[in-house]
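In UniProt numbering, the protein residues as written are 1 to 232. Encoded as structure tokens, the structure appears first; notes follow it.
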Ligand SMILES: N[C@@H](CCC(=O)N[C@@H](CS)C(=O)NCC(=O)O)C(=O)O
């Protein structure tokens, strides 16, 4: 049976990682038999990240790698879409994974109110005696990564204005149809939905969580994906 190596459930989600949720949704839609195996430390994984799919032959890293592998087995996450819709779908995926994702990371790792909760959730396996120094060092390297990426160089208001443009684009699609590309979930929903869900689930009242929690269209969308692709 296929095994999804994933970060454990957190903040009311299948996993704290939107990429792990995406992989779980894809597995569920593919109809393949699969199980989850939770881990908190991804350092031994091929990309030192999760999700990873364990198949009979190999460890397949990266949610897009998992997608390609499942599609090679016959899954089609964009069934019925023409090339333009597939292109729009790809652009939405990039927007979610390469822009909105870093807003989630900022909201979680750079926020002093969230940090103690994050530390005790993500570093639960580190002995209490050394948890603070170990987690602080990792936090420092994540914040360095956010600086290199550039997202943390914007003020919070600037950041939210940038997010707003993305949310408006997503909402425009959702005013046309229940899912981004029509009446059924397709690949872009599997990235955008979990990313919005992660934004909403940050365990604190931030401007970003408020923005999502107060938006009925986006909240209904997040919940509908969850109901439609019910995860075990
Ligand atoms: N491109 C990867 C991104 C996966 C990813 O960024 N995973 C994060 C958790 S959300 C991770 O494992 N981070 C650990 C690290 O960077 O050390 C995918 O699509 O699977």
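For glycine and all other residues, C-beta sits at the position ideal for the given N, C-alpha and C. As the structure is a prediction and not an experimental result, all values here were calculated from the model.
query: Using the rule of at least 16 other Cβ atoms within 10 Å of the residue's Cβ for burial, across every protein chain shown, is residue 13 buried or exposed?; result: buried
query: Secondary structure at residue 1, three-state DSSP: helix, strand or coil?; result: coil
query: Is residue 55 helix, strand or coil when you go by DSSP?; result: coil
query: Which full runs of the alpha helix (DSSP H) of 4+ residues lie inside the stretch 64–98, going along the chain?; result: 83–95
query: Is the beta carbon of residue 18 within less than 8 Å of some heavy atom of ligand 1?; result: yes
query: Taking 8 Å as the cut-off, is the CB of residue 125 close to at least one heavy atom of ligand 1?; result: no
query: Does the separation of the CB atoms of residue 146 and residue 110 fall below 9 Å?; result: yes
query: Please classify residue 192 as buried or exposed, where buried requires at least 16 neighbouring CB atoms within 10 angstroms.; result: buried
query: In the DSSP assignment, what are the bridge partners of residue 179?; result: 182
query: Under the assumption that residue 5 contacts residue 50 (Cβ atoms under 8 Å), give the Cβ distance between them as a whole number of angstroms.; result: 6 Å
query: Give a single yes or no on whether residue 189 has its beta carbon closer than 8 Å to a heavy atom of ligand 1.; result: no
query: Of the choices 3, 2 and 18, whose alpha-carbon is the least far from that of residue 197?; result: 18
query: Per DSSP, residue 6 is paired with what?; result: 38
query: Out of 23, 95 and 134, state which residue places its alpha-carbon closest to the alpha-carbon of residue 70.; result: 23
query: What distance in whole Å lies between the Cβ atoms of residue 159 and residue 106, which are believed to be in contact at a cut-off of 8 Å?; result: 7 Å
query: Would you verify that the beta carbon of residue 182 is, or is not, closer than 9 Å to some beta carbon of chain C?; result: Among the chains in the structure shown there is no chain C, since it carries only a single protein chain.
query: What is the rounded straight-line gap between the Cα of residue 74 and the Cα of residue 37?; result: 24 Å
query: Would you check if the distance between the CB atom of residue 40 and the CB atom of residue 123 is smaller than 9 Å?; result: yes
query: Is residue 226 near ligand 1, with its Cβ less than 8 Å from a heavy atom?; result: no
query: Are there any heavy atoms of ligand 1 lying less than 8 Å away from the beta-carbon of residue 61, as far as the coordinates show?; result: yes
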